[in-house]
Structures are given as C-alpha cells and as structure tokens.
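A.B. asks:
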Amino acid sequence: MIERFLHRKTLKADDLSDRARGGPCHSSGEAGSFSGRAGHRTLSFAAMFHLHCTKKLLDRIKPEIVAPGQSDTALGNWYATVLFWKPQVALLVSERTLLPVLMPLAPVATLARRFPGQLAPVLKEHGVPPEFIAQEVWRMDTVQYAKTANRSVVGILNEFVKQTEFWLAAYAYEKGDDDDLLAISAKLAETPCSPLYKGLISPDRALHELVKAGAQA
Numbered sequence: 002m003i004e005r006f007l008h009r010k011t012l013k014a015d016d017l018s019d020r021a022r023g024g025p026c027h028s029s030g031e032a033g034s035f036s037g038r039a040g041h042r043t044l045s046f047a048a049m050f051h052l053h054c055t056k057k058l059l060d061r062i063k064p065e066i067v068a069p070g071q072s073d074t075a076l077g078n079w080y081a082t083v084l085f086w087k088p089q090v091a092l093l094v095s096e097r098t099l100l101p102v103l104m105p106l107a108p109v110a111t112l113a114r115r116f117p118g119q120l121a122p123v124l125k126e127h128g129v130p131p132e133f134i135a136q137e138v139w140r141m142d143t144v145q146y147a148k149t150a151n152r153s154v155v156g157i158l159n160e161f162v163k164q165t166e167f168w169l170a171a172y173a174y175e176k177g178d179d180d181d182l183l184a185i186s187a188k189l190a191e192t193p194c195s196p197l198y199k200g201l202i203s204p205d206r207a208l209h210e211l212v213k214a215g216a217q218a
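Residue numbers (the numbering used here): 2 to 218.
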C-alpha cells in the first residue's frame, strides 16, 4: 500500500524536506491508515499533529491554542520548549516514545512547518525504515498548538535540557551546528526514561518497538 500511496502522491524525500523547511503545506487528499501502539486509525483529508509547548515557547510563537487531542501520527503528540542558547534552539519530544529532536528555533513562526524536515534525519539516524519516515512526515500536514498537559513529559523535557549541556561540553559541539544538534539528539535518545514506562527503557528502544509493532500489525 505504501508504494502505491507514494507513487500517487509522487512523494520524494526532497519534497518532504523542502515543504517542512518552509514550503506551503498541502493536504494529502486521500485517506490512509497505519498500525502501531495507537492501533488502526484512518487519516482524514488533512492529517494533523498536536504540538504542546511550554509557556515560554508559546509566548514566542503566539499561536491559536486548542484543547489537547490526539495526533494522526504514529509518534503521537509532541512537546516542545526553547533553549536560550546563541543561537536559540527548540527541543521537541514525542509523547509516545520520548524521542528527542533538537532544531534551530529561528524563524520561530515556521517552527512547526520546519519540524518534519528536522524529524526525518533523526529517524534516519536511528535506522528507521524510509517507508515509516515518509508516512510519518506526510501525516504532519498541519499543526495544532496546545498547552502542556503531561507533567511526566515536561519533566523529561527539563531533564534533556540539562543533559544537552553535558553533551555540548563532552564533545565540544557547536550550539548552532545542524550536524551537532543531530548528534546530541541521538545521544539524548539513549537515556533510560522510567517515568512513562514500567522498566528502564530509552527513547531509541521505544522508537524501534513502535516501528516493529507497526510493521507486524
């Protein structure tokens, strides 16, 4: 099904990245489905994801805020905060897997549109199949902003913020370098995170379990 879907939409990785870096957002126009921890879900005309932002980030973006809901993506809702580095950086975390993604904050108005293009190389870095990446990015057609609603995920955000400073010092990473942000994101994903899980499981392992479950469904 994925090959047929991608063929119909002439969906290429470069097209996804270009759209996410600031190109116009388009709806898929066709229904689809995916399997995973959230079970089977049919996509509507315009697939959407929820971005839960901390107050300091919402104050920067000043978006229309909606009530919390469920995203159409396999990775679920995302939580985000801002790191006041020079240049400033956004940290986003998947609520379902706690997968972290670091990306440049500016221009803040296009953060959500640029995010899928930043997520794709992170997923590739973790060895996620290209079919999963293409579908996930395609489902991030539009965004709805919401306030933070999960204290455990906010706690993980705060912990990751602290750990980024360690990785910056340990490897002399540059705060504004895209490759270094990707490397730090990968390092953070190896962190055991117990609050949302019964055992000590890291975001990278949770990601692979989700992808595997979807492939077997």
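Backbone N, C-alpha and C define an ideal beta-carbon position, used for all residues, glycine too.
(1) Compute the distance between the beta-carbons of Gln-89 and Leu-106, then report whether it is under 8 Å.
(2) Pull up the DSSP beta-bridge partners for Ser-95, would you.
(3) Let's test the definition: count the other Cβ atoms within 10 Å of the Cβ of Phe-50 and tell me whether it reaches 16, buried, or not, exposed.
(4) Inspect the beta-carbon positions of Ala-48 and Arg-114 and report whether they are closer than 8 Å.
(5) Going by DSSP, which residues form a beta bridge with Val-90?
(6) Thinking C-alpha only, which one of Glu-96, Glu-132, Val-123 is nearest Gly-215?
(7) Measure the C-alpha to C-alpha separation of Tyr-80 and Leu-58 and round it to an integer number of angstroms.
(8) Tell me, to the nearest whole angstrom, how far the beta carbon of Arg-94 is from that of Ile-157; I am working on the premise that it is less than 8 Å.
(9) Measuring alpha carbon to alpha carbon, tell me which of Tyr-146, Lys-125, Leu-99 ends up nearest Leu-112.
(10) Might you give, ordered along the chain, the residues of its own chain that have their beta carbon closer than 6 Å to the beta carbon of Leu-124, omitting 5 neighbours on each side?
(11) Could you check whether Leu-100 and Leu-208 sit closer than 8 Å to each other, using their CB atoms as the reference points?
C.D. replies: To lay it out plainly:
(1) yes
(2) Trp-79
(3) By the 16-neighbour rule on beta-carbons within 10 angstroms, Phe-50 is buried.
(4) no
(5) Leu-84, Pro-105
(6) Glu-132
(7) 11 Å
(8) It is Val, not Arg, that sits at residue 94 in the sequence shown. Contact annotation, Val-94 with Ile-157: C-beta distance approximately 6 Å; criterion of less than 8 Å satisfied.
(9) Tyr-146
(10) Ile-134
(11) yes
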